[in-house]
Structures are given as C-alpha cells and as structure tokens.
Amino acid sequence: MMPTRRAFAAFAALAMIGLSEPALAYEAALVVGGLTDAVLAGGEGGLLGLAFHPDYATNGLFFVYHSSNGTVCDASNRCTFVARYRVSAGNPNVADPLSRFELLEITQPFSNHKGGMLAFAPDGHLYVAVGDGGSSGDPNNNGQNLNTLLGKLLRLDVDSGSPYGIPAGNPFVGVPGRDEIWAYGLRNPWRFSVDRATGDLWIADVGQGSWEEVDFQPAASTGGENYGWRLMEGAHCYNPPSNCNDGSLVLPVHEYGHSSGNCSITGGYRYRGSIPQLAGLYIFGDYCTGRVWAYDPGSDTATQILTGQVLGNILSFGEDAAGEVYVLTGEALWRLETGDTTGVDSLPAGLRLAPATPNPFDERARLALSLDGPRARLEVGIYAVDGRRLRTLHSGPAAGGELNFAWDGRDESGRALAAGVYLLRAETEREQAGQRLTLLR
C-alpha cells in the first residue's frame, strides 16, 4: 500500500487512475491502452491487477496484469501479461509508459476467467492469481493440470532472474509441474489478499453456477495446495459428480450458494482497521447483489453487514495503510465506516456455532448454536463433502438464544454412515455457518 494520502485503482477500461484524498479528485496515472492499439478490453478483459513493489519509495516500480489480443500475443489470439512499470521522474502521480518491461505472457483459450490479482507477501515475492482460461466447466481441465499456469496462484521473484526468478521454496521446483506454481485448483480467483497482521492468504474463487467459495492458506504454508476445481465447486463434487475427493483437496473455509440473486464472489481483506466490531473479520462481497459480509474465522460464521441497495455491483475491495477497507463499484469508491448509513456500528452477533463435542466422534456428537434473535428460517443439516444433504436436523422458524442438536452418524433413513469427514451447515435468511465433523467407526 502506498505510504501517502493517495489511492490507486485499476479499471478494466485500461486506465490506472490515481485518486487523491480528501476530495478524491483523480487523474490518469497510466493508460495502458495508449501503449499499443492491441489491448483486449470489455467483458472480463482489460486492466485487471496492480501491485506496488515493497521498495516503491526508493525504486518507483509497480506491476500490472492485463489482457491483450492477437496482434501482440505470441501463440494465440488472446493472452494476458504481467508487466512492470516505473513512476515518471517528473510527476509522482504518473507512470513512465516507456518503462514497460514484460515479465510473463499467458496464452488464454477463451475470453473469460482471467483472474488478475497481484500482491506482494511478507516474503517479498509477487503472487499472481490466474483463472482457468474460461468457458464453462473448465473443458481443458486447466485447474488440475500442473503443466499450465491457468487456474493457479503463482509466486515470482521479481528482484532476480530475467525476466523473473523462481523462489527456491516453490513446491514444483525439480518435480513435474511449472516452477511458477504456488497453489492450484482455482477457477477464477477474484480477488485474493494478504493479511497484514499474519501473512495468511485469503482467496475468493468464483464458482461455476451454484457455489462461491473462500479459500485460505496459512502464512506457514509451503505451497502446493489443491483447492479442488474442477473436481469440486466449493465443498461439492462437480466433475466427477461424486467420489471426487481422495482427501488431498483443500476445502474452502466458507461458501455460499446462489440463492437470493447471489452469483459471483468478490474477495476482500481481513479487517485490521479502527472499527472494533469488524476487527479480525474477513470482508467480502457478491458482485450481483452488492451484499457485503464479514466472515469470522473463529466461529465460522458470515454476517451480512451491507445490503446492495446503495453499493450496486462490487468490482473489488481495497485496503489503505491504516487497514481501513474500501469497496469499489462501477460508480464510486466507498469506505467502510461506523454510522447509520452502513450498519457496521450495530453488527449483530448473528448466528454462532459452538465447536461440536466430541469431534472426532464415534457414537454421538453434541451440536449447539446460538441466535441473537428469532429467525423466520433456520436450516441445520449434515452434508457429504460432495454437497448432498444426508440428514436434516432443523428446518423452519427458530427462536433466539441457544439451540442444541445431536447427530448419531446416521442419514435420514437411519442408515449408519461410513467413517469419514462430514459437514455441519446452519443457514438463516442472512447468515451461514459450518464446521467439519469427523465420524469414527
């Protein structure tokens, strides 16, 4: 993040805009389209990512991710570039267009699912989110193919090598797979972020047609996580439709379905700003509905904190040097603040799941949840990892307070289920929560 009272936003129309506070008047810092007439904008293309070098204050370097068309792409009529620029010598708000240096070109088979998020982590390396290349259902299975960069999270050393170096700790160095890959099994990661307090990665991955997901990677990870696509969509089997997880896939920490108009997740940040009610919560939204949620990793609960009536389509989130979070739409740049207009100051305790006991269990698990008030609808169920509901524990209205359930490891028909991992999920009109249960036999 820039250590000044300025904000920068990358727009798909291929202009990088510098915004200055407090008036938030803006000027064009760099028009990538002005460098060449061969830039593919529109739809899911354009200028999709921007990151400043950790030593920007001294070296003036920053990086962009954008799509281009066939007149500049080497191997096809579509591609994406990761390129480096330098700030101009005469104006700190404007880039030098002649300083362009191309680090990476990725051939794109279709017009959608580019990914595009760029961010530096505490290790000093540049992380690059790349979509699966598009179409429906990942027809080329790029998400699981370690010989392509599509459907991956990459880790690059931009301070050594030419055009970049490979960090020695990347998981596929010296073994089959592209050296740049840090994690895989992603469909269209829109967006990911690095927790400024812990170094953990939070990845929002857009689903196919039913489930949106939030993936997590701890700062201590050595990489190589497989987040499941196209084997799974969220925590549900996709292709194949059953028996898709051999235990090696990393399931999302949170998912939500396409009910009530939801359609496409936009990832945000774990909040480290000045609003006490949001401290440590992961903020994310949905593009179609404009809803914004705060996810609590401790309780595995997501609570809606903003409706879409004001915001509209959520394009991206941003974070400033103080840890405050911003929401970017097609019309405006918003900042989360306390007050009647946001509802953040009255963030409810909402739906809370207590840890199941015992867990793992062999005969019966005791389950408890609490509600801060009555709900018109509460659904509580046990699910297989492929998304099938196996047992309904509650379906209908619910009073506020503590509710207790038990599960004996059997499905709706009374059949004893095999040992393994199952999902407990609770959902109201505005909240979702879940946890994993391990059944022993």
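Residue numbers for the sequence shown follow the working numbering, so the first one is 791 and each next one is one higher. The beta-carbon is built from N, C-alpha and C at its ideal position, and this holds for glycine as well.
Where residue 812 and residue 1053 are concerned, what is the direct C-alpha to C-alpha distance, given to the nearest angstrom? Counting from one through the sequence shown, the residue named residue 812 turns up at place 22. Counting from one through the sequence shown, the residue named residue 1053 turns up at place 263. Legend: pLDDT at residue 812 = 38, less than 50; position of this residue unreliable, value from coordinates given subsequently. If you take the alpha carbons of residue 812 and residue 1053, they lie about 34 angstroms apart.
Pick helix, strand or coil for residue 1222, following the three-state DSSP scheme. Reading the sequence shown from its first residue, position 432 is the one you call residue 1222. Here residue 1222 sits in strand by DSSP.
Shorter than 6 angstroms, the distance from the beta carbon of residue 991 to the closest heavy atom of the ligand MN, or not? For the structure depicted, the ligand MN is absent and the ligand set is empty, with no information on it obtainable.
Residues in its own chain within less than 8 angstroms of residue 953 by CB, not counting five upstream and five downstream? The sequence position of residue 953 within the sequence shown is 163, counting from 1. Here the set comprises 891, 892, 893, 894.
Can you tell me whether residue 919 is helix, strand or coil according to DSSP? The sequence position of residue 919 within the sequence shown is 129, counting from 1. Correct three-state label for residue 919: strand.
Residue 1093: first and last residue of the uninterrupted beta strand (DSSP E) it sits in: Here the question's residue 1093 lines up with position 303 in the sequence shown. Per DSSP, residue 1093 belongs to the beta strand (DSSP E) from 1091-1096.
Classify residue 1270 as helix, strand or coil using the three-state DSSP reduction. The structure shown does not extend to residue 1270, since the chain is modelled only from 791 to 1231, so the question has no answer here.
With a cut-off of 8 angstroms on the beta carbons, I'd call residue 838 and residue 904 a contact; round off their distance for me. As a first step, residue 838 must be located in the sequence shown, where it is residue number 48. As a first step, residue 904 must be located in the sequence shown, where it is residue number 114. That pair is a contact at about 6 angstroms.
Exposed or buried, which one is residue 888 when buried takes at least 16 other CB atoms within 10 Å? On the sequence shown, position 98 is the one that residue 888 refers to. Under this definition residue 888 is an exposed residue.
Identity of the residues DSSP links to residue 1172 by a beta bridge: Taking the sequence shown and counting its residues from 1, the one referred to as residue 1172 is at position 382. Looking at the DSSP assignment, residue 1172 forms a beta bridge with 1181, 1214.
Within 10 angstroms of its Cβ, does residue 932 collect 16 or more other Cβ (buried), or is it exposed? Within the sequence shown, the letter at position 142 stands for residue 932. Answer is buried; the Cβ neighbour count reaches 16.
In terms of residue numbering, what span does the beta strand (DSSP E) encompassing residue 942 cover? For the purposes of this step, residue 942 is identified with residue 152 of the sequence shown, where counting begins at 1. Looking at the DSSP string, the run of the beta strand (DSSP E) that includes residue 942 is 942-946.
Using the Cα positions of residue 985 and residue 1078, report the straight-line distance between them to the nearest angstrom. In the sequence shown, counting from the first residue as 1, residue 985 sits at position 195. In the sequence shown, counting from the first residue as 1, residue 1078 sits at position 288. Roughly 26 angstroms between the two C-alpha positions.
Touching or not, the region 1084-1092 and the region 1140-1149, by the rule of three or more beta carbon pairs under 8 angstroms? yes
Anticipated Cβ contact below 8 angstroms, residue 1082 with residue 1065, distance rounded: The residue given as residue 1082 occupies position 292 in the sequence shown. The residue given as residue 1065 occupies position 275 in the sequence shown. Not a contact, Cβ separation roughly 13 angstroms.
Of the residues 1223, 996, 964, the one placed nearest residue 1084, counting alpha carbons only: The count along the sequence shown starts at 1 and reaches residue 1084 at position 294. Residue 1223 is the option with its Cα nearest to residue 1084.
Coil, strand or helix - residue 1187 by DSSP: For this step, residue 1187 is matched to residue 397 along the sequence shown. Residue state, collapsed to three classes: strand.
Count the other CB atoms within 10 Å of the CB of residue 828; is the residue buried (16 or more) or exposed (fewer)? By 1-based counting over the sequence shown, the position of residue 828 is 38. Model confidence at residue 828 stands at a pLDDT of 44, short of 50, so the residue's coordinates are unreliable; what they give is reported in the following sentence. With fewer than 16 Cβ atoms within 10 Å of its Cβ, residue 828 is classed as exposed.
Contact between the region 1062-1076 and the region 1019-1028 is defined here as three or more beta-carbon pairs at a separation below 8 angstroms; is this criterion met? no
Between 1190, 854, 1198, 1174, which lies nearest to residue 1033 when the distance is taken from Cα to Cα? By one-based count along the sequence shown, residue 1033 stands at place 243. When only C-alpha atoms are compared, the closest one is 1174.
Counting only the same chain and skipping the five closest in sequence on each side, list residues whose C-beta sits under 6 angstroms from that of residue 993. In the sequence shown, counting from the first residue as 1, residue 993 sits at position 203. Once the five neighbours on either side are set aside, the close Cβ partners of residue 993 are 979, 982, 1005.
Taking Cβ positions, are residue 967 and residue 940 nearer each other than 7 angstroms? Position 177 of the sequence shown, counted from the start, is the residue given in the question as residue 967. Position 150 of the sequence shown, counted from the start, is the residue given in the question as residue 940. Cβ distance not < 7 angstroms, so residue 967 and residue 940 don't count as in contact.
Does the region 847-858 come close enough to the region 867-884 that 3 or more CB-CB pairs lie under 8 angstroms? yes
How big is the Cα-Cα spacing for residue 1114 and residue 1125? Mapped onto the sequence shown, residue 1114 falls at position 324. Mapped onto the sequence shown, residue 1125 falls at position 335. Cα-Cα distance, rounded: 7 angstroms.
On the three-state DSSP scale, how would you describe residue 1087? Counting from one through the sequence shown, the residue named residue 1087 turns up at place 297. Three-state DSSP puts residue 1087 in coil, outside helix and strand.
Between which two residues does the beta strand (DSSP E) containing residue 888 stretch? Against the sequence shown, residue 888 aligns to sequence position 98. Counting along the chain, the beta strand (DSSP E) containing residue 888 begins and ends at 885-897.
Residue 1067 - DSSP class collapsed to helix/strand/coil: The residue labelled residue 1067 in the question sits at position 277 within the sequence shown. Helix, per DSSP.
What would DSSP say about residue 998, mapped onto helix, strand or coil? For the purposes of this step, residue 998 is taken as residue 208 along the sequence shown, with counting starting at 1. Three-state result, residue 998: coil.
Kindly confirm or deny that the region 1002-1019 and the region 967-976 touch, where touching means at least three C-beta pairs closer than 8 angstroms. yes
Roughly how many angstroms lie between the CA atoms of residue 1062 and residue 1086, to the nearest whole one? Taking the first residue of the sequence shown as 1, we reach residue 1062 at position 272. Taking the first residue of the sequence shown as 1, we reach residue 1086 at position 296. Taking the straight line from one Cα to the other gives about 13 angstroms.
Report yes or no: is there a C-beta of chain D within less than 7 angstroms of the C-beta of residue 798? In the structure shown, chain D does not exist; there is a single protein chain.
Going by beta-carbon coordinates alone, are residue 1009 and residue 988 separated by less than 7 angstroms? The count along the sequence shown starts at 1 and reaches residue 1009 at position 219. The count along the sequence shown starts at 1 and reaches residue 988 at position 198. In contact: residue 1009 and residue 988 (Cβ atoms closer than 7 angstroms).
Taking the straight line between their C-alpha atoms, what separation do you get for residue 962 and residue 1002? Numbered from its first residue, the sequence shown carries residue 962 at position 172. Numbered from its first residue, the sequence shown carries residue 1002 at position 212. Rounded to whole angstroms, residue 962 to residue 1002 spans 28 angstroms at the Cα level.
Return yes when the Cβ of residue 957 is within less than 7 angstroms of the Cβ of residue 969, no when it is not. Position 179 of the sequence shown holds residue 969. Position 167 of the sequence shown holds residue 957. Not in contact: residue 969 and residue 957 (Cβ atoms no closer than 7 angstroms).
Residue 1168 and residue 1228 look like a contact to me (Cβ under 8 angstroms); what is the Cβ gap, rounded to whole Å? Counted from its first residue, the sequence shown places residue 1168 at position 378. Counted from its first residue, the sequence shown places residue 1228 at position 438. That pair is no contact at about 24 angstroms.
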